[in-house]
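*Asks:*
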Amino acid sequence: MEEPRIGVYVCWCGTNIAKMVDVEQVAREMGNLPNVVISKNYKYMCSDPGQDMIIKDIKENNLNRIVVAACSPRIHELTFRKALAHAGLNPYLFEMANIREQNSWVHTDKALATDKAKALISAAITRVNFHEPLEKRTVEINPATLVIGGGIAGLSAALEIADAGNKVYLFEKSDHLGGIVADLDLTFPNLYPAQQFIEPMIARVQNHERIQVLLNTIPENISGYVGNFTMKLGMNGQSAEIQFGNIIVATGLKPFDPAQIPEYGYKRFPDVITSLEFEKMLKSGNIKTHSGRTPEHVAILHCVGSRNNNYHPFCSRTCCMTALKFANQVRSAIPGANIYEIYADMRAIGKGAEEFYAQSSRKDIMFLMYDQRNDLPIIRRALKSEKCNLLIDFHELLSGEDIEVRADLVVLMTSMEAQENAKEIARTVGISMCGNSFYIEKHPKLDPVATTTEGVYIVGSCQSPKDIPDSVSQAKAAAARVLASIAVGNVEVEVITANVNEDLCCGCQTCISVCPYTAIHYESDNKVSCVNEILCKGCGTCGSTCPTGAIKPRHFTDQQILSQIEGMMKAVKTRLVEIESQEV
Amino acid sequence: MDFQPTILSFLCNWCSYTGADLAGTSRMKYAPNIKIIRVMCSGRIDPTFVLKAFKEGTDGILICGCHPGDCHYVEGNYKCLRRFHLLQKYIKQMGIHPDRLKLAWVSASEGKQFAELADEMTETVSKLGAAKINECMEVTLY
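Residue numbers (the working numbering), protein chains in the order written: chain Z, 17 to 600; chain W, 289 to 430.
The structure is reproduced here in structure tokens:
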């Protein structure tokens, strides 16, 4: 192995790191470690001048290893690997020390945070000595795409990809396409009928020569990786196999069950209905109470199950505007009705929404505010003499008074929540969920439709509640990503896989028993284990099981991790000696 | 100066390392004694890493992986769990208190839980004081 010549770069990240870590001192001290040729600090290492500095130093000083101490490798590892490649160095001869997310942002004592930064960087430097160049593998992209979910997001994505000339498999778990939008009457803020745009879309998808719709079907048994996924299907008693290169998850959401909130009497009182039930009523053109009367008083209750820690802490995003839409529709259908919007905060987000709120507030609608965190309204049956079906008691915040609102019909603006099978789908396609079961995007701002699993995208409300335009935008964004990958034709895949040193392998086959991907097989001729690097995903479990150290998980080898531990502890011990000598 | 323990923390890339990053992006605060080493999966954590870390002088080790059933690599965390139980028995023979080695599940959304774990572990190990390996064991270590 050539003599390591290491370049170390400590990033300030503006003040994000520099205000809690003495970056200059750190860079100076790291310069004294073995094999470190250059050690610098700079304001923004990820910026073009920062990257250019690395590239220039590699060329001028024959550096063959680079350490950048900056943010999390989850954010910029790829950026710097590319910079190395630019300079003609293998991108894996690089290690990142996370001194922002896991240091400067979480600590309050500058001296201690500086010491910790030194330990983390020292660990990275010691480790990078043992890095080996790895060759990128490219795999071809199968142009077929799997879209999971036949709501508006799934339909939009499927059409976009199929119109560009590619095969799409569209899976829908129910017996019809259209999702929640197909159940809506008018849409906010311009009161445009949902049927007018969803039905032509459904028809186009159903008649599209390149889209294969599979109703009543949930995907399972997906294997493979970006570009080359395979799914086994049990169709009509026969087993079949389909292949595709990318997956778009558009599984949407489902309404919260308001029967969980005892105060509202849903299911106990037939005239307390959910927003989706009311949509159905509006679609039929007949706003009636359970007994068939035209309601004189209609109350619309907001935030049912949303923004309340007992149910869901998040805002469901679309209900406020839907509630205003309901008020407008009731006003047109029953001009003399008393309409009450019982709300917590009016959230008019998006184009035209605030204007819609302003227009609606001039339509003789009573807006009443309640405390949805601590003091939920109570719905009770009215006496005959009250001349209404129900009464709603609550403390009205704007007037500061306890009031009683008459209602013949109460519409609960139910929260939206993740699908019941969200977890199974996540497992099938290999993505993660956050605490409330919505899927996690790769980057909340810069990569909102991708996931940490290459070739798997999330669009629409499976990521968080969304309105129609947002869902469609995401679907088309993901479709564009998929089409781009199809246009390029191949993709570079991770090379962090395991390989076997046949001279050391004793043929015990322990690795085979622990591999979750059946990526290792036994070659009886040579009596050794052998890794199929296409199937291996690089977890490294085999490496920690192998009794002879024959199997090596690339980029996370025993030597690399052990040296990282050594480097870390060496810095800690050096510091302890310093402290002791100062105290003496 | 009070005793400041050193705690190495092995985190899996997909859940726990992401969770620790989240603690950072959410600007939660925890003890600086925790120093993190990333592995792809908690199943990668070779018993040697743990023994090596104690030999090099760490006072505690915190291993975190994905919650059972949520492992990015299907079941690496279960493999880690099995080794953990054996390792706890083994380090006792080395003269190391089993509380110095902890295994916990931290998901990508549990930044707060990670910060709390880091503080708890620091407190536990601070009380135990500096770790010391039985002399007779030292020679056998990697």
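Note that CB positions come from ideal geometry on N, CA and C, so glycine has one too.
Within the region 355 to 393 of chain Z, note down every full beta strand (DSSP E) run reaching 3 residues or more, in order along the chain.
*Replies:* Segments of the beta strand (DSSP E) lying fully in the region 355 to 393 of chain Z: 381 to 385.
*Asks:* Residues in the same chain with beta-carbon distance under 8 angstroms from Lys304 of chain Z, minus the five sequence neighbours each way, listed in chain order, please.
*Replies:* Around Lys304 of chain Z: Met297, Thr310 and Pro311.
*Asks:* Tell me the rounded alpha-carbon separation between Ser501 of chain Z and Val507 of chain Z.
*Replies:* Distance between the alpha carbons of Ser501 of chain Z and Val507 of chain Z: 7 angstroms.
*Asks:* Taking 8 angstroms as the CB-CB limit, is Lys420 of chain W close to chain Z?
*Replies:* Cβ-Cβ to chain Z under 8 angstroms: no for Lys420 of chain W.
*Asks:* With contact counted as at least three CB pairs below 8 angstroms, one residue from each stretch, are the region 459 to 472 of chain Z and the region 95 to 102 of chain Z in contact?
*Replies:* Judged by Cβ distances under 8 angstroms, the region 459 to 472 of chain Z makes no contact with the region 95 to 102 of chain Z, as fewer than three pairs qualify.
*Asks:* Using only the heavy atoms of the ligand FMN, determine whether one of them is closer than 7 angstroms to the beta carbon of Pro216 of chain Z.
*Replies:* Within the structure as shown, the ligand FMN is missing, as the structure has no ligands at all.
*Asks:* Is it true that the CB of Val42 of chain Z sits closer than 8 angstroms to the CB of Thr142 of chain Z?
*Replies:* No; because the gap between Cβ atoms is not below 8 angstroms, this pair is not in contact.
*Asks:* Measuring only the C-alpha atoms, how far is Met449 of chain Z from His360 of chain W?
*Replies:* Near 11 angstroms, if we compare the C-alpha coordinates of His360 of chain W and Met449 of chain Z.
*Asks:* On the three-state DSSP scale, how would you describe Thr430 of chain Z?
*Replies:* In this structure, Thr430 of chain Z counts as strand in the three-state DSSP scheme.
*Asks:* Alpha carbon to alpha carbon, what distance is there between Thr336 of chain W and Tyr430 of chain W?
*Replies:* At Tyr430 of chain W the pLDDT is 48, less than 50, meaning the model places this residue with poor confidence and gives no usable figure here.
*Asks:* Classify Tyr58 of chain Z as helix, strand or coil using the three-state DSSP reduction.
*Replies:* Three-state result, Tyr58 of chain Z: strand.
*Asks:* Using a Cβ-Cβ cut-off of 6 angstroms (strictly less than) and excluding sequence neighbours within five positions of Cys336 of chain Z, which residues of its own chain qualify?
*Replies:* So the qualifying residues of the chain are Met362 and Arg363.
*Asks:* According to a CB-to-CB cut-off of less than 8 angstroms, which residues of the region 325 to 349 of chain W neighbour chain Z?
*Replies:* Here the close residues are Ile325, Arg326, Val327, Met328, Cys329, Gly331, Arg332, Ile333, Asp334, Pro335, Thr336, Phe337, Lys340, Ala341, Glu344, Gly345 and Thr346.
*Asks:* Going straight from the alpha carbon of Cys524 of chain Z to that of Leu296 of chain W, what length do you get?
*Replies:* So the alpha carbons of these two residues sit roughly 32 angstroms apart.
*Asks:* Assess contact between the region 271 to 279 of chain Z and the region 157 to 177 of chain Z, defined as three or more Cβ pairs (one per stretch) separated by less than 8 angstroms. Is contact present?
*Replies:* The region 271 to 279 of chain Z is not in contact with the region 157 to 177 of chain Z.
*Asks:* Within 8 angstroms, do at least three Cβ pairs link the region 233 to 248 of chain Z to the region 282 to 300 of chain Z?
*Replies:* Cβ pair count under 8 angstroms is below three, so no.
*Asks:* Do Leu109 of chain Z and Asn78 of chain Z come within 8 angstroms of each other at the CB atom, strictly closer than that value?
*Replies:* No. Outside cutoff.
*Asks:* Strictly under 8 angstroms for the Cβ-Cβ distance: is Ala135 of chain Z near chain W by that measure?
*Replies:* So, interface residue.
*Asks:* Please confirm whether Ile263 of chain Z and Gly471 of chain Z have their CB atoms less than 8 angstroms apart.
*Replies:* Yes; because the gap between Cβ atoms is below 8 angstroms, this pair is in contact.
*Asks:* Would you say Lys277 of chain W lies against chain Z (beta-carbon separation less than 8 angstroms)?
*Replies:* Residue 277 of chain W is absent from the structure shown; chain W starts at 289 and stops at 430.
*Asks:* Roughly how many angstroms lie between the CA atoms of Gly166 of chain Z and Thr444 of chain Z, to the nearest whole one?
*Replies:* Approximately 18 angstroms, taken between the alpha carbons.
*Asks:* Since Ile528 of chain Z and Tyr538 of chain Z should fall inside the 8 angstroms C-beta cutoff, what is the C-beta to C-beta distance between them, to a whole number of angstroms?
*Replies:* Contact holds; Cβ gap of about 6 angstroms.
*Asks:* Going along the region 82 to 112 of chain Z in order, which residues come within less than 8 angstroms of chain W, judged by CB to CB distance?
*Replies:* Against chain W - using a Cβ distance shorter than 8 angstroms - the residues of the region 82 to 112 of chain Z are Ser88, Pro89 and Arg90.
*Asks:* Using a Cβ cut-off of 8 angstroms (strictly closer), state whether Glu404 of chain W contacts chain Z.
*Replies:* Output row for Glu404 of chain W: interface = no.
*Asks:* Counting contacts by CB-CB distance shorter than 8 angstroms, is Gly1 of chain Z in contact with chain W?
*Replies:* Outside the shown range of chain Z, which is 17 to 600, sits residue 1 of chain Z, and nothing can be said about it.
*Asks:* I need the DSSP call for Tyr430 of chain W, collapsed to helix, strand or coil.
*Replies:* Residue placement at Tyr430 of chain W cannot be trusted, given a pLDDT of 48 that sits under 50; the coordinates are not used to answer.
*Asks:* How would you write the range of the beta strand (DSSP E) that Asp131 of chain Z sits in, first residue to last?
*Replies:* Where Asp131 of chain Z is concerned, there is no enclosing beta strand (DSSP E), although the alpha helix (DSSP H) it sits in stretches over Lys126 to Val144.
*Asks:* Report buried or exposed for Tyr5 of chain Z, applying the criterion of at least 16 other Cβ atoms within 10 angstroms of its Cβ.
*Replies:* For residue 5 of chain Z there is no data in the structure shown, the boundaries of chain Z being 17 and 600.
*Asks:* Select from Z:Ala514, Z:Ala219, Z:Leu462 and Z:Cys27 the residue whose C-alpha is nearest the C-alpha of Gln490 of chain Z.
*Replies:* Taking only the C-alpha atoms, the option nearest Gln490 of chain Z is Z:Leu462.
*Asks:* Give the straight-line distance between the Cα atoms of Tyr473 of chain Z and Phe330 of chain Z, rounded to the nearest whole angstrom.
*Replies:* So the two alpha carbons sit approximately 23 angstroms from each other.
*Asks:* How long is the line joining the alpha carbons of Ser401 of chain Z and Arg422 of chain Z, rounded to whole angstroms?
*Replies:* Computed Cα separation, rounded: 12 angstroms.
*Asks:* Using the DSSP secondary-structure output, state which residues sit across from Asp541 of chain Z in a beta bridge.
*Replies:* BP columns for Asp541 of chain Z are empty, so no partner.
*Asks:* Using 10 angstroms around the beta-carbon of Thr513 of chain Z, count the other beta-carbons present and answer buried if the total reaches 16, otherwise exposed.
*Replies:* It is buried - the Cβ of Thr513 of chain Z has at least 16 other Cβ atoms within 10 Å.
*Asks:* Can you give the Cα-Cα distance for Ser545 of chain Z and Lys340 of chain W, rounded to whole angstroms?
*Replies:* Each residue's alpha carbon lies about 27 angstroms from the other.
*Asks:* Can you name, in chain order, every residue of its own chain whose Cβ lies under 8 angstroms from the Cβ of Ala140 of chain Z, other than the five neighbours on each side?
*Replies:* Hits under 8 angstroms: Val83, Ala85, Glu111, Met112, Ala113, Gln580 and Gly583.
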